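Peer 1:
Chains as they are written, first to last, in the numbering used here: chain S, -5 to 106; chain X, 2 to 450.
#1: Let me see if you follow: with CB-CB separation under 9 Å, is residue 316 of chain X close to chain S or not?
#2: Can you pull out the residues from the stretch 335 to 362 of chain X whose beta carbon lies closer than 9 Å to at least one beta carbon of chain S?
#3: Closer than 9 Å by beta-carbon distance: list the chain X residues that pair up with residue 39 of chain S, in chain order.
#4: Take every Cβ of the stretch 90 to 97 of chain X, pair it with every Cβ of the stretch 286 to 297 of chain X, and state whether three or more of those distances are shorter than 8 Å.
#5: What is the DSSP secondary structure of residue 378 of chain X, counted as helix, strand or coil?
#6: Express the C-alpha separation of residue 393 of chain X and residue 385 of chain X in angstroms, rounding to a whole number.
#7: Do residue 198 of chain X and residue 114 of chain X have their CB atoms nearer than 9 Å?
#8: What in chain X is Cβ-close to residue 99 of chain S, meaning under 9 Å?
#9: Between residue 54 of chain S and residue 17 of chain S, what straight-line distance do the alpha-carbon atoms span, to the nearest angstrom?
#10: Measuring CB to CB, does residue 78 of chain X end up less than 9 Å from residue 153 of chain X?
#11: Please list, in chain order, all residues of the same chain as residue 2 of chain X whose beta carbon is under 7 Å from its beta carbon, the five residues on each side excluded.
#12: Skipping 5 residues on each side, what residues in its chain have a beta carbon closer than 8 Å to that of residue 71 of chain S?
#13: With distance defined between alpha-carbon atoms, name the residue in X/28, X/164, X/118 nearest to residue 187 of chain X.
#14: Against residue 319 of chain X, what residues of chain S qualify as contacts under a CB-to-CB distance less than 8 Å, listed in chain order?
#15: Starting from the Cα of residue 34 of chain S, find the closest Cα among S/75, S/67, S/82, S/66 and give me that residue.
#16: Look at residue 341 of chain X and residue 184 of chain X and say whether their C-beta atoms are less than 9 Å apart.
#17: Under 7 Å Cβ-Cβ, which residues of chain S neighbour residue 329 of chain X?
#18: Could you give the distance in angstroms between the alpha-carbon of residue 49 of chain S and the alpha-carbon of residue 6 of chain S?
#19: Specify the secondary structure class of residue -4 of chain S as computed by DSSP and reduced to three states.
#20: For residue 108 of chain X, is the classification buried or exposed, using 16 other Cβ atoms within 10 angstroms of its Cβ as the cut-off for buried?
#21: Any idea if residue 133 of chain X is buried or exposed, counting beta-carbon neighbours within 10 angstroms, 16 or more meaning buried?
#22: How many Å lie between residue 449 of chain X and residue 104 of chain S at the Cα?
#23: Counting only Cβ pairs nearer than 8 Å, list the residues of chain X close to residue 45 of chain S.
#24: Identify every residue that forms a DSSP beta bridge with residue 38 of chain S.
#25: For residue 323 of chain X, count neighbouring C-beta atoms within 10 Å of its own C-beta (all shown protein chains included) and say buried if the count is 16 or more, exposed if not.
#26: Can you tell which of X/256, X/100, X/300 has its C-alpha closest to the C-alpha of residue 284 of chain X?
#27: Specify the secondary structure class of residue 354 of chain X as computed by DSSP and reduced to three states.
#28: On the DSSP bridge assignment, give the partners of residue 29 of chain S in chain order.
#29: What's the gap between the Cα of residue 50 of chain X and the Cα of residue 410 of chain X?
#30: Leaving out five residues on either side along the sequence, give the residues of the same chain with a beta carbon under 7 Å from the beta carbon of residue 269 of chain X.
#31: Give me the residue from X/229, X/417, X/387 with the minimum Cα distance to residue 155 of chain X.
#32: Quick one: is residue 133 of chain X near chain S, going by C-beta distance under 9 Å?
#33: Between the stretch 225 to 235 of chain X and the stretch 420 to 427 of chain X, can you find at least three pairs of beta-carbon atoms closer than 8 Å?
#34: Which bits of chain S does residue 297 of chain X rub up against, with CB to CB less than 9 Å?
#35: In whole angstroms, give me the CA-to-CA distance for residue 87 of chain S and residue 42 of chain S.
#36: Is it true that the CB of residue 190 of chain X sits closer than 9 Å to the CB of residue 151 of chain X?
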């Protein structure tokens, strides 16, 4: 199994979610994240004092899939999250040793 | 009003004005509302970890000064005394003020109540200069000493019969300085005290490198709005009558504030490229400060000019602390000292005989006489307040210590001093369990042993 992790622009979350559903992925984990890559943050001004904020708000999506699906899921995410502008994010894939469904105790691909 | 009783036609004159009395009592309540307004205005500007402490400094000052005012503050300020201080004993505990005075247009107690709020808010204003880092008990001791040694005397100078500024004595050469509602006694006084206290207490850890952004500008805007609302009591209530003066002052207070908000926004738009909500809120307060002494002395056009001057100058002045390296955290100096000076001094130029105070300034053909009186009064209050505040703060800093521990400051004064947090943002984030009632102190000892 593989863990696909994507860090994307927050407003693309709905597009990515429905694209994944259409593909057949029925569960994922979403968390708010912040960070920076080539896109840097912004400047704020309070009573003339300027503050630079480096970190940009992002959304992190994590989904565990079977080995064969990993490449397709990455493609689905990239396609649905893309705007073509700087700051679109990253997607990466890492191996997963085991997965257990807490309710039933099922292990491996059955637990997905 | 004249009434006759039913039996014998005995005539009794009652001079008490229900309208004046009602207005003064309502104004006192309006000024009280400025304290929670100030707590929101300041509290929103602090970091999230020290919001409650800032609000507690404001409300704590109110509670303490309110009691001191009744015990001896009113007597020291408005008791019969000399040029510099009232009477230490005349109205101790408000003795003798409960009886109905048939010759008064409003009860003495209504004036006591109204002026109590002024004392409280003046002390509370200072708190903004030392956000995030002062021991709460040391702050309260400071507040009590400062009210007693600085505010009560200065308010006597400016507003009490016999006070040297009120009567135009000494260097004023018979021309009393005009301070309708507190440019000198309240704003210059508190502003320069904030500077002295910030110098003694020192900078916040990490200032100015670490970002210390306002954590909640919606609170700041609500606070500025409440201050504006309450300020109508502060200024128009200072007419001490429901009359023409009160109405003129009301309009001047309103329009100067509007002008100052616009002027601050234009200034920062030109300088920084953005018109900010904090700029609007700050401009509102700067305008209110500057029109406070001058609202009875100028025309509505004069009020607009004072508002513009205050908006521009205060917007520029709040940057001084970064150049001069003093951590006046919430700009008590830039807004209250500078705004107070602007309003107090501009009376000397913009006062017009047509306004209730009935004095002409330089631009209305009155020469510079009034300006010199304004300048002397402003400088006298500034120097006296700065020196005495410095002495009080240094003594407290050397004896009981005014700063909290560095670790406590980093963790946040709300948590370490008050054992509370302003915001519980994560419902299940912190774990923990209910540990019983009234055992926190005992537990703390166990831990420290």
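Every residue, glycine too, gets a C-beta built ideally from N, C-alpha and C.
If you're wondering where the values come from, they're calculated on a predicted model, not measured in any experiment.
Peer 2: Reading off the structure:
#1: True, the Cβ-Cβ gap to chain S drops below 9 Å.
#2: 335
#3: 269, 273, 274, 275, 277, 279, 280
#4: no
#5: helix
#6: Cα atoms of residue 385 of chain X and residue 393 of chain X: separation of roughly 12 Å, rounded to the nearest angstrom.
#7: A distance of 9 Å or more separates the beta carbons of residue 198 of chain X and residue 114 of chain X.
#8: Per Cβ cutoff of 9 Å: no residues; residue 99 of chain S is ~25 Å from chain X at best.
#9: When rounded, the separation of the alpha-carbon atoms in residue 54 of chain S and residue 17 of chain S is 19 Å.
#10: Yes, Cβ-Cβ distance for residue 78 of chain X and residue 153 of chain X is below 9 Å.
#11: Low confidence applies here, because residue 2 of chain X scores a pLDDT of 44, under 50, leaving its location unreliable; read the following figure in that light. Excluding the 5 residues flanking it on each side, residue 2 of chain X has same chain C-beta neighbours closer than 7 Å at 15, in chain order.
#12: Once the five neighbours on either side are set aside, the close Cβ partners of residue 71 of chain S are -2, 0, 2, 10, 13, 14, 55, 85.
#13: X/118
#14: 41, 42
#15: S/82
#16: Yes. Within cutoff.
#17: Chain S residues near residue 329 of chain X: none, gap ~11 Å exceeds 7 Å.
#18: 18 Å
#19: strand
#20: buried
#21: buried
#22: With a pLDDT of only 47 at residue 449 of chain X, under 50, the local geometry of the prediction cannot be trusted, and the value read off the model is given with reservation. Cα to Cα, the separation comes out at about 53 Å.
#23: 212, 214
#24: S/45
#25: exposed
#26: X/256
#27: coil
#28: S/50
#29: About 9 Å.
#30: Excluding sequence neighbours, residue 269 of chain X sits near 275, 276, 277, 280, 316.
#31: X/387
#32: Chain S contact via Cβ: absent.
#33: At 8 Å Cβ cutoff, the stretches do not touch.
#34: For a Cβ distance threshold of 9 Å, nothing in chain S lies close to residue 297 of chain X: the least Cβ distance comes to about 30 Å.
#35: 44 Å
#36: yes
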